[in-house]
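Residues 1 to 226 in the UniProt record's numbering are what the sequence shown lists, from first letter to last.
Have a look at the structure below, then the notes.
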Amino acid sequence: MSTSDASPPSQIITLDGLDLAALIASRVCHDVISPVGAIVNGLEILEDEKDEGMRGFAFDLIKKSAAQASARLQFCRIAFGAAGSAAAVLDLGDAEQVARGFIEDQKTKLVWEANRQLLLKNKVKLLLNLVLVATTTIPRGGVIAVSAEGEGDATAFRIVATGPTARVPANVVDLIAGRAPEDRVDAHVIQPFYAGLVAKAANMEVTIEAEVEGERIVTRATPVAA
């Protein structure tokens, strides 16, 4: 795990299963509370407003927010949940679909160059979590390009985030490695920490590097040699 300005390592953190579940639940709620709140606001406008222009605005707000909430829940179901728990594999095509619904907006575009194939569930979950980490490296938006090399257990991922003022957020590299600031983990930092747990379960090594300072961040996940 590396960046050009990695901070000194902290203590490796181990979370109790209940604490991990609670923090992940908090993260999922954080992702969906905004569009759900917008739906509630739209319904209140419809209830009180007689002006047709305002009612049309409310309908558009409800429609857009409902689609956003659905996309976020579908993404979280695979990235954090036990989607398809009866099977040990997930389809990269499904991963692309939920990633595109979750990420693409007016600021950020997703370029998916990973061929469709069935992979072990934890590999796909890791990819989605690393895509989510990549969005934090381009706070002003840009392009996230996802590619894969190899097949099956030998599959490696490469995620390139390009945008103005691109940077690796503080502590992200340590969190993926299982280390935490002030030796604690809370809901604000649980996602990269969880990505590290999934990487370990998938037997993958993750690196994050700024290849073009202030413009491009490259994340790689490669199988750990036996």
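Ideal placement from N, C-alpha and C gives every residue a C-beta, glycine not left out.
Computed from a prediction, not measured in an experiment: that's the story for all the values here.
8 Å or more divides the Cβ of Ala161 from the Cβ of Lys125. Counting along the chain, Pro35 sits inside the alpha helix (DSSP H) bounded by residues Gly17 to Asp48. Here Leu120 is not near Ala82, since their CB atoms are 8 Å or more apart. In terms of CA proximity to Ala199, Val173 leads the group Lys107, Asp51, Gln117 and Val173. Take the alpha-carbon of Pro35 and the one of Thr108: they are about 18 Å apart. Ala25 and Lys63 have their C-alpha atoms some 25 Å from each other. Between Asp153 and the set Asn122, Lys50 and Gly56, the nearest pair of CA atoms involves Asn122. In the DSSP annotation of this structure, the continuous segment of the alpha helix (DSSP H) that includes Val173 starts and ends at Val172 to Ile176.
As the crow flies, the alpha-carbon of Gly53 is around 16 Å from that of Asn41. CA-to-CA, the gap between Met204 and Leu128 works out to about 14 Å. As a beta-bridge residue in DSSP terms, Asp91 pairs with Leu118.
Here Ser70 is exposed, its C-beta having fewer than 16 other C-beta atoms within 10 Å. The beta carbon of Gly101 sits closer than 6 Å to the beta carbons of Ala71 from its chain, once the five residues preceding and following it are set aside; these are given in chain order.
DSSP, read as helix, strand or coil, puts Thr162 in strand.
Separation of Ala38 and Gly17 (C-alpha to C-alpha, rounded to the nearest whole angstrom) is 33 Å.
With respect to the C-alpha of Ala170, the residue from Pro164, Pro181 and Ala201 having the closest C-alpha is Pro181.
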